[in-house]
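Peer 1:
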Amino acid sequence: MNALTLWFHKTGSPPTFYRIAGVLVPWCYGIGLVLGLVGLYGGLVAAPRDYQQGDAYRIIFVHVPCAWMGLFAYFFMAANAFVALVWRIKLSEILAMASAPIGAAFTFITLVTGSLWGKPMWGTWWTWDARLTSELVLLFLYLGVMGLYAAIEDRRQAARAAGFLALIGIVNLPIVHFSVNWWNTLHQGSTVRLIGPSKIDPAMIWPLLTMALATHVWFFGSVLARTRTGLLELDAGKDWVRRIALAEGARRD
Amino acid sequence: MTDFLAMGGYGAYVWTSIAVFLVVLALEALAPGVQRRRVLAEIRGRVQRRATRAPRNDETP
Chain A
226 MNALTLWFHK TGSPPTFYRI AGVLVPWCYG IGLVLGLVGL YGGLVAAPRD YQQGDAYRII
286 FVHVPCAWMG LFAYFFMAAN AFVALVWRIK LSEILAMASA PIGAAFTFIT LVTGSLWGKP
346 MWGTWWTWDA RLTSELVLLF LYLGVMGLYA AIEDRRQAAR AAGFLALIGI VNLPIVHFSV
406 NWWNTLHQGS TVRLIGPSKI DPAMIWPLLT MALATHVWFF GSVLARTRTG LLELDAGKDW
466 VRRIALAEGA RRD
Chain B
901 MTDFLAMGGY GAYVWTSIAV FLVVLALEAL APGVQRRRVL AEIRGRVQRR ATRAPRNDET
961 P
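Protein sequences appear in the order of chains A and B. Numbering follows this note's numbering, with no gaps: position 76 of the first sequence is 301. Numbering follows this note's numbering, with no gaps: position 18 of the second sequence is 918.
1. Excluding sequence positions up to five away, which residues of its chain have a Cβ less than 7 Å from the Cβ of Gly446(A)?
2. Figure out for me which residue from Pro273(A), Ala355(A), Glu318(A), Ile319(A) has the closest Cα to the Cα of Phe403(A).
3. Counting only Cβ pairs nearer than 7 Å, list the residues of chain B close to Leu434(A).
4. Of all Cβ atoms in chain A, is any one closer than 8 Å to the Cβ of Ala951(B)?
5. Are the beta-carbon atoms of Leu449(A) and Leu260(A) separated by less than 8 Å?
6. Indicate the three-state DSSP secondary structure (helix, strand or coil) for Gly414(A) in the structure shown.
7. Which bits of chain B does Pro345(A) rub up against, with CB to CB less than 8 Å?
8. Since I believe Glu360(A) is in contact with Thr335(A) (beta carbons under 8 Å), could you give me their beta-carbon distance rounded to a whole number of angstroms?
9. Count the other CB atoms within 10 Å of the CB of Arg467(A); is the residue buried (16 or more) or exposed (fewer)?
10. Under 8 Å between the Cβ atoms of Ala330(A) and Leu925(B)?
11. Looking at Val417(A) and Ile430(A), is the spacing between their C-beta atoms short of 8 Å?
12. For Thr916(B), decide whether its Cβ has a neighbour in chain A, counting only Cβ atoms nearer than 8 Å.
13. Any C-beta of chain A sitting closer than 8 Å to the C-beta of Leu930(B)?
14. State the DSSP-derived secondary structure class of Asp354(A), mapped to helix, strand or coil.
15. By Cβ distance, which residues of its chain are closer than 7 Å to Ala292(A), with the 5 residues on each side in sequence left out?
16. Which residue marks the beginning of the alpha helix (DSSP H) containing Ile393(A), and which one marks its end?
As structure tokens, this is what we get:
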């Protein structure tokens, strides 16, 4: 076995991953929190008022990063589900299932804040247009994956079934992303672009990107925290988990 | 300060959005801890049940 494969197997083994993740989780949450506070300060205080939407546009600083995270978390989930289905790697099953509730949370925030933004700007809380509907479908896909995972008794079978659903649902990702170009919609087009100049002032874009970074770091903190719990559940019969359970019980008594 | 809270008349929409963002993420961050305690308690229960069922069998720790 070469060094890389060895490293891969070691890191992927539940007790090792559990330990490494335990070190990383507080850092992710901490960095995410600090970046989030800086981003919110930038968005709510430092950034100037929009010439057209006034202060209502400030919802963008939570709405857009959460929307990106909804898609990113789905991609992360589907990629891990693919690895889990093809190579039967336990850790990937757990990682995929750990990202579902986080993605659902971000998608839920996106829908609610979008609604709160739509009411003053469009004059309606909700409309059945392409972007909004496909985003709602994204939330239902997350809920479907979580429900299927919870409904099957055997953890590994459950992860495989739910992972399969996650893979099928990936067809919705381009629909969400391109919906504003493919159909006439009330929702505005992309403001921030990776290729070509963004259609937003630098004073507004730095808080937006800071919030995006904050939510990404937060996501990984949460994925790792949930994966730790998932590994304990999966390896419940193993010695290393029993030791942790008894040690924690002793500390509580 | 009042100006800041008013958000040019959009205060209710902006601050509700921020609140939803913070509350949902806070709950999301608390969830794994709760789940973890539940899983570990369950495992302890299983270990204890096994210990009471076979008190003289010292094979398992």
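Backbone N, C-alpha and C fix where the C-beta goes; we use that ideal spot for every residue, glycine too. Computed from a predicted model, the values in this text were never measured in an experiment.
Peer 2: Put simply:
1. As a working mapping, residue 446(A) is identified with position 221 in the first sequence. Closer than 7 Å at the Cβ level, and outside the excluded window around Gly446(A), lie Val250, Cys253, Tyr254, Gly257.
2. Taking the first residue of the first sequence as position 1, residue 403(A) is located at position 178. Closest option to Phe403(A), Cα to Cα, is Ala355(A).
3. Sequence index remark: in the first sequence, residue 434(A) carries index 209 (1-based). Correct list: empty, because the minimum Cβ distance to chain B is about 17 Å.
4. By 1-based counting over the second sequence, the position of residue 951(B) is 51. No, Ala951(B) lies away from the interface with chain A (no Cβ there is under 8 Å from its Cβ).
5. Locating residue 449(A) in the first sequence gives position 224, counting from the first residue. Locating residue 260(A) in the first sequence gives position 35, counting from the first residue. Cβ distance not < 8 Å, so Leu449(A) and Leu260(A) don't count as in contact.
6. One-based indexing of the first sequence puts residue 414(A) at position 189. DSSP places Gly414(A) in coil when its eight states are reduced to three.
7. Numbered from 1 along the first sequence, position 120 holds the residue referred to as residue 345(A). Ordered by position in chain B, the residues that pass the 8 Å Cβ test against Pro345(A) are Tyr910, Tyr913.
8. The sequence position of residue 335(A) within the first sequence is 110, counting from 1. The sequence position of residue 360(A) within the first sequence is 135, counting from 1. Yes, they are in contact, since the Cβ atoms of Thr335(A) and Glu360(A) sit about 6 Å apart, within 8 Å.
9. On the first sequence, position 242 is the one that residue 467(A) refers to. Flag for Arg467(A) reads buried.
10. Reading the first sequence from its first residue, position 105 is the one you call residue 330(A). Reading the second sequence from its first residue, position 25 is the one you call residue 925(B). In this structure, Leu925(B) lies closer than 8 Å to Ala330(A) by Cβ.
11. For the purposes of this step, residue 430(A) is taken as the residue at position 205 of the first sequence. For the purposes of this step, residue 417(A) is taken as the residue at position 192 of the first sequence. Yes, the Cβ-Cβ distance between Ile430(A) and Val417(A) is below 8 Å.
12. Taking the second sequence and counting its residues from 1, the one referred to as residue 916(B) is at position 16. So yes, Thr916(B) belongs to the interface.
13. Numbered from its first residue, the second sequence carries residue 930(B) at position 30. It does not: the Cβ of Leu930(B) has no partner Cβ on chain A nearer than 8 Å.
14. Within the first sequence, the letter at position 129 stands for residue 354(A). Coil.
15. One-based indexing of the first sequence puts residue 292(A) at position 67. Result list for Ala292(A): Thr335, in chain order.
16. Taking the first sequence and counting its residues from 1, one reaches residue 393(A) at position 168. Segment 380-394, the alpha helix (DSSP H) holding Ile393(A).
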